[in-house]
Amino acid sequence: MSISFTIVESPLGWLLVAATDRGICSVMLGDGEEKLTGELHHEFPQAEIARNDNHLRSQVKVLLECLAGQAPHADLPLDVQGTAFQMRVWEELRRIPRGQTVSYGELAGRIGRPTAARAVARACATNPVSIITPCHRVIRENGELGGYRWGIERKRRILEAEKG
């Protein structure tokens, strides 16, 4: 597999976007370029990975607009792998409108698995294309934000921008 990636500054720190010829395979947020690059290599240890800042320019523009709360959703081609359950959760996440949130339990009910809230939370935690698949829109039953792979403060800021 051949993957090209770029890293740009965003309002939430560094944004890494990586893609194969079929679509985006990874979106990460972080505090340093080296750390994000290392995580990409760790996630795809067998892939040929090369930085190409020009190749993903239009996709990065869409994602930055989403982070700023200016775009309703990032309708970009994806190339992600997951179990059937994960894929179902990720598909349902993309149906949550910008500015709205659902609980893990509510999301579990939406996919026909009302007792699978913990499994839904795990699927959210392993989402490889954050922002495109908006796992940040899932919160706890009590209204608390819960966890977020890229940090709870980033989750809070993305949600605030979306409610704008």
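Residues in the sequence shown are numbered from 10 upward in steps of one, following the working numbering. Ideal placement from N, C-alpha and C gives every residue a C-beta, glycine not left out. Keep in mind that this is a model prediction, so the values were computed, not measured.
Do you know offhand how far residue i's Cα is from residue j's?
| i | j | result |
| --- | --- | --- |
| S139 | A27 | 12 Å |
| P106 | N63 | 30 Å |
| R165 | R149 | 13 Å |
| N136 | W99 | 7 Å |
| S112 | H145 | 11 Å |
| N61 | S13 | 6 Å |
| T46 | R122 | 36 Å |
| E115 | D30 | 35 Å |
| D88 | N151 | 34 Å |
| L154 | T110 | 10 Å |
So, is residue i buried or exposed, given that buried needs 16 or more other C-beta atoms within 10 angstroms?
| i | result |
| --- | --- |
| Q79 | exposed |
| P143 | buried |
| A83 | buried |
| R127 | exposed |
| Q95 | buried |
| E169 | exposed |
| E171 | buried |
Give every residue of the same chain whose Cβ lies closer than 8 Å to the Cβ of residue i, excluding the five residues on either side of it in the sequence, and list them in chain order.
| i | result |
| --- | --- |
| L24 | I16, V17, E18, V36, M37, L38, V69, L72, L73 and L76 |
| Q55 | M10 |
| G173 | G78 and G108 |
What are the residues that DSSP puts in a beta bridge with residue i?
| i | result |
| --- | --- |
| I140 | DSSP output for I140 lists no bridge partner at all. |
| R131 | None, per the DSSP bridge assignment. |
| V36 | V26 and V138 |
| F14 | A27 and R60 |
| S67 | Answer is none; S67 lacks a bridge partner. |
| I148 | S112 |
Looking only at its chain, what residues have a beta carbon closer than 7 Å to the beta carbon of residue i, apart from the 5 residues adjacent to it on each side?
| i | result |
| --- | --- |
| G22 | L38, G39 and D40 |
| E217 | The requested residue 217 does not occur in the structure, where the chain is confined to residues 10 to 173. |
| I58 | I12, F14, L49 and H50 |
So what's residue i in DSSP terms, helix, strand or just coil?
| i | result |
| --- | --- |
| I120 | coil |
| A31 | Sequence check: residue 31 is Arg here, not Ala. Reduced to three states, the DSSP call for R31 is coil. |
| I105 | coil |
| L87 | strand |
Could you pull out every residue in the same chain whose Cβ sits closer than 6 Å to the Cβ of residue i, ignoring the five residues on either side in sequence?
| i | result |
| --- | --- |
| T92 | none |
| A132 | Q95 and V98 |
For residue i, is the beta carbon positioned less than 7 Å from some heavy atom of the ligand NAP?
| i | result |
| --- | --- |
| T46 | Only the bare structure without any ligand can be found here, which leaves the ligand NAP out of the picture. |
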